[in-house]
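If you're matching them up, the sequences are chains A and U in order. Just so we're aligned, residue 175 is where the first sequence starts under my numbering, counting upward by one. Just so we're aligned, residue 175 is where the second sequence starts under my numbering, counting upward by one. Ideal placement from N, C-alpha and C gives every residue a C-beta, glycine not left out.
Protein chains: 2
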Amino acid sequence: METVRIWSSELGQHVGEQVRLSGWVHRLRELANVSFLILRDAKGLAQIVVEDRAVAAQLGALHAESVVHVVGTVVAVPQAPGGVELHAPAVELVSASAAPPPFDMFRPTIKAQLPTILDHAPLALRHPRHRAIFQLSAASMRGFRETLRGLDFTEIQTPKIVASATEGGANVFAIEYFGQKAYLAQSPQFYKQTMVGVFERVFEVAPVFRAEPHDTPRHLNEYVSLDCELGFIRDHRDVQAVLTQALAGMVAGMQQDAADALALLKVRLPAVPAKIPAIHFSEALELIFRETGEDARHEPDLAPAHERWLGEWARTQHGSDFLFVWGYPLHKRPFYTHPDPDRPGYSNGFDLLFRGLELVTGGQRLHRYADYLAALAERGLPAEPFEGYLMAFKYGMPPHGGFAIGLERWLARLIEAPNVRETTLFPRDLNRLAP
Amino acid sequence: METVRIWSSELGQHVGEQVRLSGWVHRLRELANVSFLILRDAKGLAQIVVEDRAVAAQLGALHAESVVHVVGTVVAVPQAPGGVELHAPAVELVSASAAPPPFDMFRPTIKAQLPTILDHAPLALRHPRHRAIFQLSAASMRGFRETLRGLDFTEIQTPKIVASATEGGANVFAIEYFGQKAYLAQSPQFYKQTMVGVFERVFEVAPVFRAEPHDTPRHLNEYVSLDCELGFIRDHRDVQAVLTQALAGMVAGMQQDAADALALLKVRLPAVPAKIPAIHFSEALELIFRETGEDARHEPDLAPAHERWLGEWARTQHGSDFLFVWGYPLHKRPFYTHPDPDRPGYSNGFDLLFRGLELVTGGQRLHRYADYLAALAERGLPAEPFEGYLMAFKYGMPPHGGFAIGLERWLARLIEAPNVRETTLFPRDLNRLAP
């Protein structure tokens, strides 16, 4: 069909004109004297009024999801969705769907259990609600990158096949690498720190791999990590300031690029305060004890219930969806964590809670070569597997720190999805390797 | 030091003022009555004139690459590099380098063999020339993404752990996945095609993994692939048009973000013509026969020497650094390749030569479910391992196609590096897994 194609979202600009739409048969409603074709393209839905019996029959013979071109006249109709319809269509079949979809794609939500939806991801992702989630994903990534670029950060891409396990051993996937053992990177931690020596400020958006044998609604074995690292910091507070800006940029990115998706999913967007409230780990446990009577003051970490309680506290006391908890006990953080010079046994590491769930881990890192050698020795780790990493510190490195945001977890909290698989394109877990 | 830090590149805006620079001791030149400290930060180099004997001694005790703060007064000096120097400095040591670097970092190029440079990547990447390469990398990625976003493409992130080998079997890395066999994705091919059903136009910038046991200057076992796929195309020519725009965007990105790096590396930037010349595979072989007497007309692929010859031909005959060779024999392309409807046995697949080397592979794909079943059967491949992929076609898919650019290879051709490892941050090859 020679008529130039327009997007469904552009119909309103072409009232009275003949246009071509192209897309998928989202729904065909056949009434006594008229049929309504709902066509779906990448931008949305369009209503097409079919009065011609032959065209109605042509469409009636197709399964939903068949791909068609439709040429017709744009008519302004106040009661139509979006205020416009296509009338008097001619339809050309591009590609027939070979079977009816196993669930209705036109309902507001797919009426199937999550495993069924995930098994049929190539189809289910076409549903407007599912698709909208990944519009938010793309917009979040762009917002992250552009914010950091504006702050003089340089994008890097670091290797995912590595010679040794990043954080010290457990939960890595092993690869057979030309007769050697190699591993999938659990994080770009070592490389992003190394690159502070080159660019001072770096970020990376890339997959990370965790061989954790957990089957929970918040764990994935592969996910996208938004990583950042910066040099010449005072301490972890400079890292928190950049993280705050990155989050604000991700929210702004969604508002700019994906306003329709936000509306469709009824996303309650968080306000990112200019300064996110922060509480020291030990003060958080004191507070919980004082307010709830639960004494976790000798615990080395926050329980999920305590994270939820603190999230609620931040919301009611500070009007914030976000809360920094900083100063976790040093021995619970990785060996490269910088100690708090003012509180022996505590670190300059932090977590960021978003609506009561850990979303980000970050902190200040050690930067002196001798401190690395001492930290490894103290944990009984040999220096040799870390030789390439240690080289960065041997030859002079400024105080630095960084953070990592889990993209799928960010989206899950944002749309309040109970299971992070709902915000993962093609999730990988203990039992799922396909599609 | 309380004075606010400025970048070395900002000195010219602060003549007469007291400022702080922070960075690495790039070089110390000690003359009879004066020393010159060259300080390197993320933005460049600064010359600092040290007349105070105590400060000179303080600096003289440091190895190169030590990290320092320097407070001094900016003085305009026409004969100084960049026309400005810092005078009367006070120096504060931030972090001492623990050893002298194994090669001089201040020379125009590192005087060492490539393996030595790669062994010391955490240090060598700090060298201005090496660092500049990865500024071009970051700028290329941004240009790619922004161009495609401007053309209504949506960014995706697809899984790298997959259940079956993408293109049919060989050269995949195997992973132990909770007792199952899994593989590292050789490309996002299946997923990006699947996502055409969702967003119509998608792109991905992510690592790909090839277990090819080749040790050549142009092969890597892990590299960054700039992938793109789009629906509702006429044929491969619409893909070529998008690729042309993406390349122009990558060049523009470098000009905007990395002009200094382009200048330092003396990059001969390609002009990307609005329409890149294209030659059919069989016509290319005819041309080579006619012009050189070499008869490769029965070969199913282009030899590297013929690619080089064609690159030269495109330059002299069309004034273009780029040349599309399209219509490769169908049996030499992957099973999902769309045939040329007008030439039996040939495909709508293409390669893009950049200065005589294959940089991009792309083409139109099959889009009808029945065609996929037939193509798999014809090659003796079972349909079952491809079930998730085939689902996308079962439920209606428009004509589509796409391409993949190897980021490191792009950079290597651009700076005319003889070995692609020079444009790879931390290369992975047959013999190299670290750093």
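Shortest alpha-carbon distance to residue i belongs to which of the options?
i                      : options                    : result
residue 190 of chain U : U:260, U:509, U:380        : U:260
residue 518 of chain A : A:510, A:505, A:351        : A:505
residue 176 of chain A : A:490, A:243, A:553, A:587 : A:243
residue 276 of chain A : A:370, A:266, A:269, A:297 : A:297
residue 536 of chain A : A:380, A:577, A:549, A:516 : A:577
residue 312 of chain U : U:590, U:424, U:437        : U:424
residue 361 of chain U : U:410, U:344, U:380        : U:380
residue 511 of chain A : A:538, A:378, A:490, A:390 : A:538
residue 220 of chain U : U:543, U:205, U:196        : U:196
residue 232 of chain A : A:391, A:368, A:265, A:461 : A:265
residue 550 of chain U : U:572, U:585, U:509, U:514 : U:509
residue 584 of chain A : A:308, A:503, A:359        : A:308
residue 513 of chain A : A:356, A:365, A:575, A:592 : A:575
residue 336 of chain U : U:295, U:356, U:572        : U:356
residue 491 of chain U : U:515, U:461, U:501, U:507 : U:461
residue 595 of chain A : A:391, A:212, A:552, A:541 : A:391
residue 489 of chain A : A:476, A:524, A:452, A:457 : A:452
residue 375 of chain A : A:487, A:597, A:573        : A:573
residue 507 of chain A : A:481, A:482, A:540, A:480 : A:540
residue 520 of chain A : A:475, A:558, A:283        : A:475
residue 295 of chain A : U:368, U:187, U:481, U:546 : U:368
So, are the CB atoms of residue i and residue j less than 8 Å apart?
i                      : j                      : result
residue 280 of chain A : residue 200 of chain A : yes
residue 238 of chain A : residue 274 of chain A : yes
residue 263 of chain A : residue 224 of chain A : yes
residue 570 of chain A : residue 270 of chain U : yes
residue 268 of chain A : residue 241 of chain A : yes
residue 459 of chain U : residue 473 of chain U : yes
residue 234 of chain U : residue 202 of chain U : yes
residue 358 of chain A : residue 354 of chain U : no
residue 325 of chain U : residue 370 of chain U : no
residue 222 of chain U : residue 236 of chain U : no
residue 310 of chain A : residue 256 of chain A : no
residue 441 of chain U : residue 599 of chain U : no
residue 345 of chain A : residue 378 of chain A : no
residue 605 of chain A : residue 278 of chain A : no
residue 414 of chain A : residue 524 of chain A : yes
residue 409 of chain A : residue 522 of chain A : yes
residue 455 of chain A : residue 493 of chain A : no
Residue i bridges to which residues according to DSSP?
i                      : result
residue 472 of chain U : BP columns for residue 472 of chain U are empty, so no partner.
residue 511 of chain A : A:539
residue 357 of chain U : U:336, U:348
residue 525 of chain A : A:499, A:535
residue 179 of chain U : U:194
residue 520 of chain U : U:503
residue 553 of chain U : None; residue 553 of chain U has no bridge partner.
* Is the segment 421-432 of chain U close to the segment 313-320 of chain U, with three or more CB pairs under 8 Å? -> By the C-beta criterion, the segment 421-432 of chain U is judged to be in contact with the segment 313-320 of chain U, since at least 3 inter-stretch pairs fall below 8 Å.
* Any 3 or more C-beta pairs closer than 8 Å across the segment 387-397 of chain A and the segment 546-566 of chain A -> Contact fails: fewer than three Cβ-Cβ distances are below 8 Å.
* **the segment 525-536 of chain U contacting the segment 490-509 of chain U, beta-carbon criterion three pairs below 8 Å** => These segments touch.
* Every unbroken beta strand (DSSP E) within the segment 187-273 of chain U, with a cutoff of 3 residues, ordered by chain -> Within the segment 187-273 of chain U, the complete beta strand (DSSP E) runs of at least 3 residues are 192-204, 209-215, 218-224, 241-250, 258-269.
* Let me know the beta strand (DSSP E) ranges lying completely inside the segment 431-504 of chain A, each 3 residues or longer, listed in chain order. => The qualifying runs are 452-454, 496-500.
* Would you call the segment 334-354 of chain A and the segment 292-309 of chain A in contact, with 3 or more CB pairs under 8 Å? -> Taking 8 Å as the limit for Cβ pairs, the verdict is that the segment 292-309 of chain A does not touch the segment 334-354 of chain A.
* Let me know the alpha helix (DSSP H) ranges lying completely inside the segment 267-343 of chain A, each 4 residues or longer, listed in chain order. => Qualifying alpha helix (DSSP H) stretches, in chain order: 288-293, 295-298, 302-324.
* Could you say if the segment 461-468 of chain U and the segment 325-333 of chain U meet the contact criterion of at least three C-beta pairs nearer than 8 Å? => No, because fewer than three Cβ pairs between the segment 461-468 of chain U and the segment 325-333 of chain U fall closer than 8 Å, the two stretches do not touch.
* To do: Would you check if the segment 447-460 of chain U and the segment 407-423 of chain U touch, i.e. whether three or more CB-CB distances between them fall below 8 Å?
  => They touch, by the three-pair rule.
* **Uninterrupted alpha helix (DSSP H) stretches inside the segment 370-439 of chain A (no shorter than 4 residues)** => Complete alpha helix (DSSP H) runs here, min 4: 410-431, 433-438.
* For the segment 210-217 of chain A and the segment 181-188 of chain A, state whether three or more C-beta atom pairs, one from each stretch, are separated by less than 8 Å. => The segment 210-217 of chain A is in contact with the segment 181-188 of chain A.
* Asked: Which runs of the beta strand (DSSP E) spanning at least 3 residues fall entirely within the segment 563-603 of chain U, listed in chain order?
  -> Runs of the beta strand (DSSP E) inside the segment 563-603 of chain U: 574-580.
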